[in-house]
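Heads up: the sequence shown is residues 1 to 261, going by the working numbering. Even glycine gets a Cβ: it sits at the ideal position worked out from N, Cα and C. What follows is a single structure, written as structure tokens, with notes after it.
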Amino acid sequence: MTDVGWVAVMTLLGLLAGSVLNCVIWRLPLMLNRTENDGLPARFNLFLPRSCCPQCLHTIPFYHNVPLLSWLLLRGRCHRCRASIGLRYPLTELAAALCSGWVAWCWPPGETALALALASWILIALLCIDLDHLLLPDVLTLPLLWLGLLANLSGAVTPLADAVIGAVAGYLSLWGVYWGFLLLTGREGLGYGDFKLLAALGAWCGWQRLPVLVLGASLAGIGLIMLLRLKGKTGRGEAFPFGPCLAAVGWWLIVTPAATW
Ligand SMILES: [Zn+2]
């Protein structure tokens with residue numbers, strides 16, 4: 001396959017994955033936080049009930065569920081009740097497509113590129129869910145960790161020994177920060193999901209890149225806090241999601257070969 005063909009195929013695959021991601025980002029937190037009176041159907045999972053408009057509950061036909069294109073053709077509104085469909089949906093699809101295209105640009109066709117694309121999709125889901133719910137579900141962080149170790153069995157991204165030390169060091173470093181912060185201030189500065197996410201990222205990129213990752217994510221975190229304050233979405237001393245910063249910076253360090261940066 002030519003380079004252009006490979007990038008195009010992966011971009012398209014990413015676009016389809018983005019559509020699935022929208023479903024995961026919306027449904028997974030609801031599935032994990034079920035209560036008796038949450039108003040959801042008894043059988044509520046990633047597949048059932050079929051995707052419907054949250055406003056009028058009209059089932060969305062498959063031809064209105066084409067990634068990106070449907071949103072543009074329907075001009076961001078429900079076909080039946082004209083309720084607005086958030087810009088988040090096409091943006092997630094676009095992000096998944098661009099991330100997958102970038103993986104294909106950096107890596108030759110093969111299982112490493114596919115594993116990196118899958119890791120990119122998991123990271124997008126984690127980023128959005130943490131932004132919305134301050135939650136990094138184990139069902140996403142742990143498979144990301146195993147996948148990283150498996151991919152590095154053959155040293156695809158980094159030698160296996162560096163990956164294992166990366167996973168342990170990633171977990172322990174934030175665990176240390178958590179306890180240090182708790183003892184000094186009496187407040188929780190991080191969540192356990194953050195430790196697991198950094199462990200997973202360490203399993204992918206190896207321990208050597210962890211300092212750059214944490215520094216980059218912290219700078220991104222300062223930017224995110226300022227942005228959220230500006231929009232009035234978080235106040236002083238309130239919890240803010242660190243996962244999106246780790247996910248975004250970590251993604252870049254994982255998929256971009258060291259020679260590029
Ligand atoms: Zn509707």
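| Item | Value |
| --- | --- |
| Tell me the rounded alpha-carbon separation between residue 123 and residue 110. | 20 Å |
| Using only the alpha-carbon positions, how far apart do residue 85 and residue 56 sit? | 12 Å |
| Tell me, to the nearest whole angstrom, how far the beta carbon of residue 10 is from that of residue 151; I am working on the premise that it is less than 8 Å. | With a Cβ gap of about 16 Å, residue 10 and residue 151 do not count as contacting. |
| Please enumerate, following chain order, all residues with a beta carbon closer than 6 Å to at least one heavy atom belonging to ligand 1. | 53, 55, 56, 58, 78, 80, 81, 83 |
| What does the Cβ neighbour count give for residue 332, buried or exposed, with the cut at 16 atoms within 10 Å? | Not covered by the structure: residue 332. The range shown for the chain is 1 to 261. |
| State the start and end residues of the unbroken alpha helix (DSSP H) segment that holds residue 22. | 3 to 32 |
| Assuming the contact rule is C-beta atoms closer than 8 Å, residue 207 and residue 165 should be a hit. Round their C-beta distance to whole Å, please. | 5 Å |
| Can you tell me where the alpha helix (DSSP H) with residue 229 in it begins and where it stops? | 210 to 230 |
| Thinking just about the alpha-carbon of each residue, which of 175, 184, 212 is nearest to the one in residue 195? | 175 |
| Assuming contact is defined by CB atoms lying nearer than 8 Å, are residue 203 and residue 149 in contact in what I supplied? | yes |
| Between which two residues does the alpha helix (DSSP H) harbouring residue 323 extend? | Examination of residue 323 is not possible in this model, given that the chain is present from 1 through 261 alone. |
| Give the DSSP-derived three-state secondary structure of residue 84 in the structure shown. | strand |
| Excluding the 5 residues flanking residue 80 on each side, which residues of the same chain have their C-beta closer than 8 Å to its C-beta? | 53, 56, 58 |
| Using a Cβ-Cβ cutoff of less than 7 Å, which residues in the same chain neighbour residue 60 once the five nearest sequence positions on both sides are dropped? | 51, 52, 53 |
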